[in-house]
Each structure stands twice: as structure tokens, then as C-alpha cells.
Amino acid sequence: MHELSIVASVVDSVTESLEAYPGAKVLEVRLRVGALASVVVDSLEFCWGIATEDTPLQGSKLVVKTIPVVMHCAQCDADVELESLQSFRCPRCDEPCSDLRQGRELEIDSIEIDDETGSEQAGVEQTGVKA
Amino acid sequence: MTRIVELRQGILKKNDELARGLRGRYGAAGVLVLNLVSSPGTGKTAFLERTLRDLKARGERVAALVGDLETDNDARRLAASGAPVRQINTHGICHLDAEMIDRHLTGWEGVELAGLDYLFIENVGNLVCPSSYDLGEGIRVALLSVTEGEDKPLKYPTLFNSADAAVITKMDIAEPCDFDHELALRNINEIRPGIRIFETSAKTGAGMEEWLAYLEEERGKKRS
Chain A
275 MHELSIVASV
285 VDSVTESLEA
295 YPGAKVLEVR
305 LRVGALASVV
315 VDSLEFCWGI
325 ATEDTPLQGS
335 KLVVKTIPVV
345 MHCAQCDADV
355 ELESLQSFRC
365 PRCDEPCSDL
375 RQGRELEIDS
385 IEIDDETGSE
395 QAGVEQTGVK
405 A
Chain B
4 MTRIVELRQG
14 ILKKNDELAR
24 GLRGRYGAAG
34 VLVLNLVSSP
44 GTGKTAFLER
54 TLRDLKARGE
64 RVAALVGDLE
74 TDNDARRLAA
84 SGAPVRQINT
94 HGICHLDAEM
104 IDRHLTGWEG
114 VELAGLDYLF
124 IENVGNLVCP
134 SSYDLGEGIR
144 VALLSVTEGE
154 DKPLKYPTLF
164 NSADAAVITK
174 MDIAEPCDFD
184 HELALRNINE
194 IRPGIRIFET
204 SAKTGAGMEE
214 WLAYLEEERG
224 KKRS
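As you go down the protein sequences, you meet chains A and B in turn. Okay, so the first sequence: first residue is 275 according to this note's numbering, each after it adds one. Okay, so the second sequence: first residue is 4 according to this note's numbering, each after it adds one.
Structure below.
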């Protein structure tokens, strides 16, 4: 049950990124969570209200996108998506796969903010470090 | 006005940055660092006691950091091997993180990374949360005892899939537990194909020779 620490890290990072947008209200926080990230999405949502209370994120919505596990199958020479976490085998040829390409993500993708005091220029902005 | 700000950053960015720093320090010091992860009661401490003792007998320089919610019982047990051991009490937190490791390496009296061949980190007994936290380790070891059921890897795939080696403990009582050895190996391989698996008993020393040879081999890779 480390979801509360995970959510607390999200709140810290988002609060930090809001320094560039003084007075902005956070409407939505979008996460990307891999199926192998050892994180329970329901628990994240459960902790969200408590962790965001009295922060600039209070009242915001948490949106979690689950990222499926993708392995590289040497036999097929292709990236293949796993259907379950019970068997790390290529769904096409049944060969065991150990070359993980996707599925451990634990990232803040983006936030949606209401920036009344900001510039008039609408649209998508990029800050922070590229994954 | 509503706008979308792309952040694209790791949630555990701070931990990952610290872990990267630690990994650099371990590499520069030439020490092989292992992170031992299992459920409570698998026998991590007994296995580590034996490993420390056997490595010391071979003249290797070893030390251990051991994580628990409370008490320093494990540190006291491990210190009987003669190796320097430091307890980390997490006070309720279910895993070790890079900051705790960094803090406990600092000011550890008589211990310098450069003066070690191996550093073992015994994580808090938990098969879920430790898998998210990189400690900068060279090798992550997942342990499983014969009393736990052969399907443990299937139940906790996220942890077993992130491991570099698997150790089966308490092999001395495999028979009375009706431990299905073939099934356990198959399940581990289903979740982490090709992983090195060691079947050991801290009590009788079974499998230790192979485990120590693996450690030596891996440490050799770090140095070259």
C-alpha cells in the first residue's frame, strides 16, 4: 500500500509545476501507469481526495491511463502486447519473452488548469523533462 | 482560460534521480549491491546471515543494510556474522527508498563503499511496493520459500518480473511441505523467462556454493 506516497509525490510535482502559473486552478491530473508498475489504480483514486486537500489540487479530477505490457519477441522480431501478467510469452508464437519495452511507466502525463490570470494564448504547453 | 500543460515526468523522479546517483557511486567504488525482496517470513535474514558468513570466510569484504518497520532484531542477528550491519527503521513505510539508503550510507561508522566487495540491502518484507523503488542496486533478488506455495510468482508478477535472480529458501523442509519443485521453477520462468534460480537452505548450506559462484561472477562483470 504505497499508493498514498505515490499520490503525495504527484501532488508535490504538480504543485511545483504550478509556480509558472500563479493563481491557476487545477482541473485534472492525467497519469500514465504501466500494468507492471505495482500500483493499484483504485487505491490511487481513493487517496486522491485526502492527499489533495488544502493544496492547489483540491477538487481536481484524477485520470489514470493504464499502459499495457509490451515485450519484444525475438522470434517474431516484433513488439507484442501481453494479454495477461500470468505468462510472459509471445501471444503469437508462444516463445518466452524477457525483453520488456513498455509497462512499468509511472508518470504524470499532463495537467489541465484554469489559468485566469495567465496569458490569453490558449493551447498545449510543454514543460519539464521528456520521459 | 483552460489549458493543458504537459509535464511528462516520472512520479518517482526524485527517487529515480537519487538511485541513479547511488548506482554511480556503487560503480565507482566497485561494490556489487544486491536488493533482497520477499514476503515476510521467507527467510531473507537467515539466507543473508549465511551469505555474509560464507563470503567473509572467503575473505570478501561485505556489509548489509536491513529494512524493517520497527526493531533492530535483524541487524543484531546479521551482525553476528562479523560484517558491519546497519538497521533502517521505516516506521510504517512498506518499502525502502533511495533516500533512506543514501541517508544510512552517510556517516556509517567504519564503512566506506570503496572498502567493500558486496553490499546487501534486505528490503522490508513485502512483495508489492518494493518493486517500484529503485535503490541503485546492481542485482534485485526475489526470494520465495518452500512454505509459501509454488504459485507466488504468478500472484506477484510485478515483483518477480523485475528481479534479476530468484532464490528458493528452506529447501531442507521441501519434502514435508510437499513442495512441487518443478512447478515452482516453471512458474518463476513463466513470469521471468531465463532468470537464474538458486535452490538453497541456509540451515544445511545446500545451494550456497552455486549462489556464491554467481555473486563472484556478477562482481567480476562489474569490475571489468
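Heads up, the beta-carbon is just placed ideally off N, CA and C, and yes, glycines get one too.
> Is the CB of A:His346 under 9 Å away from at least one CB in chain B?
Replying inline: no
> For B:Asn38, does the three-state DSSP call read helix, strand or coil?
Replying inline: strand
>> Rounded to the nearest angstrom, what separates B:Arg28 and A:Asp389 at their Cα positions?
In response: 43 Å
>> Just list the residues that DSSP pairs A:Pro370 with in beta bridges.
In response: A:Arg363
> Rounded C-beta distance between A:Leu321 and A:Val281? I'm assuming under 8 Å.
Replying inline: A quick correction: the sequence has Cys, not Leu, at residue 321 of chain A. With a Cβ gap of about 4 Å, A:Cys321 and A:Val281 count as contacting.
>> Report the start-end ranges of each beta strand (DSSP E) in the segment 81-145 of chain B that is 3 residues or longer and not cut off at the edges.
In response: 88-92, 121-125
> Does the beta carbon of B:Glu220 sit closer than 9 Å to a beta carbon anywhere in chain A?
Replying inline: Contact with chain A is absent for B:Glu220, since none of that chain's Cβ atoms lies less than 9 Å from the residue's Cβ.
> Once you ignore the five residues that flank A:Ala405 on each side, which residues in its own chain have a CB closer than 8 Å to its CB?
Replying inline: Interpretation of A:Ala405 is limited by its pLDDT of 40, a score under 50 that renders its predicted location unreliable; the figure taken from the coordinates is listed afterwards. Correct list, in chain order: Glu379, Glu381.
>> Which residues of the segment 358-388 of chain A have a Cβ closer than 7 Å to any Cβ of chain B? Give them in chain order.
In response: Leu359, Gln360, Ser361, Phe362, Pro370, Cys371, Ser372, Leu380, Glu381, Ile382, Asp383, Ser384, Ile385, Glu386, Ile387, Asp388
>> Could you compute how far the alpha carbon of B:Lys2 sits from the alpha carbon of B:Thr45?
In response: Since the first residue shown for chain B is 4 and the last is 227, residue 2 of chain B is missing from the structure and cannot be characterised.
> Using the beta-carbon of each residue, which ones in chain A are nearer than 7 Å to B:Ser134?
Replying inline: Ser312
> Quick one: does B:Thr5 have its CB under 9 Å from some CB of chain A?
Replying inline: yes
>> Please list, in chain order, the chain B residues whose beta carbon lies closer than 7 Å to that of A:Ile280.
In response: Ile14
> For the segment 152-186 of chain B, which residues have a beta carbon sitting closer than 8 Å to at least one beta carbon of chain A?
Replying inline: Within the segment 152-186 of chain B, the residues whose Cβ lies closer than 8 Å to some Cβ of chain A are Leu157, Pro160, Thr161, Leu162, Asn164, Ser165, listed in chain order.
>> Does the CB of B:Arg106 have a neighbour CB from chain A at under 9 Å?
In response: no
>> Against B:Glu193, what residues of chain A qualify as contacts under a CB-to-CB distance less than 9 Å, listed in chain order?
In response: Correct list: Gln360, Ser361, Phe362, Arg363, Pro370.
> Whose C-beta lies closer than 7 Å to the C-beta of B:Val34 among residues of the same chain, with five residues either side of it excluded?
Replying inline: Leu116, Leu119, Asp120, Tyr121, Leu122
> According to DSSP, is A:Cys321 helix, strand or coil?
Replying inline: helix
> Hey, is A:Val315's beta-carbon within less than 9 Å of any beta-carbon in chain B?
Replying inline: no
>> Alpha carbons only, please: which of B:Tyr136, B:Arg199, B:Asp77 is nearest the one belonging to B:Thr161?
In response: B:Tyr136
> chain A partners of B:Val131, CB-CB under 7 Å?
Replying inline: Annotation: Cβ neighbours of B:Val131 in chain A (cutoff 7 Å, chain order): Ser312.
> When burial is assigned at 16 or more other CB atoms within 10 Å of the CB, is A:Leu310 buried or exposed?
Replying inline: buried
> Are the beta-carbon atoms belonging to A:Val294 and A:Pro330 less than 9 Å from one another?
Replying inline: A small correction: the amino acid at residue 294 of chain A is Ala; Val does not occupy that position in the sequence shown. Not a contact, by the Cβ cut-off of 9 Å.
> Can you tell me whether DSSP reads A:Gly308 as helix, strand or coil?
Replying inline: strand
>> From the DSSP secondary-structure annotation, give me the bridge partner or partners of B:Ala209.
In response: None; B:Ala209 has no bridge partner.
> On the three-state DSSP scale, how would you describe B:Phe182?
Replying inline: coil
>> Looking only at its chain, what residues have a beta carbon closer than 6 Å to the beta carbon of B:Ile1, apart from the 5 residues adjacent to it on each side?
In response: The displayed coordinates of chain B run from 4 to 227. Any statement about residue 1 of chain B would go beyond what the structure contains.
>> Going by DSSP in three states, A:Leu278 sits in which element: helix, strand or coil?
In response: In the structure shown, A:Leu278 sits in a helix (DSSP, three-state: H, G or I).
> Can a CB atom of chain A be found closer than 9 Å to the CB of B:Ile43?
Replying inline: Looking at the sequence provided, one finds Pro at residue 43 of chain B rather than Ile. Output row for B:Pro43: interface = no.
>> I'd like to know if the segment 100-116 of chain B and the segment 148-158 of chain B are in contact, where contact means that at least 3 CB-CB pairs between them fall below 8 Å.
In response: Because the criterion of three Cβ pairs below 8 Å is not met, the segment 100-116 of chain B and the segment 148-158 of chain B do not touch.
> So, does the CB of A:Ile390 fall closer than 9 Å to a CB anywhere in chain B?
Replying inline: In the sequence as presented, Ile is not what sits at residue 390 of chain A; that position holds Glu. Cβ-Cβ to chain B under 9 Å: yes for A:Glu390.
>> Looking at the strands, I want to know which residues DSSP matches up with B:Ala168.
In response: B:Val144, B:Arg199
> By DSSP, does B:Ile4 sit in helix, in strand, or in coil?
Replying inline: Note on residue identity: the sequence assigns Met, not Ile, to residue 4 of chain B. DSSP places B:Met4 in coil when its eight states are reduced to three.
> Ends of the alpha helix (DSSP H) at B:Gly44?
Replying inline: Careful: B:Gly44 lies outside any alpha helix (DSSP H) and carries neither H nor E.
> Short check: CB of A:Arg304 to CB of A:Ile385, under 9 Å?
Replying inline: Cβ distance < 9 Å, so A:Arg304 and A:Ile385 count as in contact.
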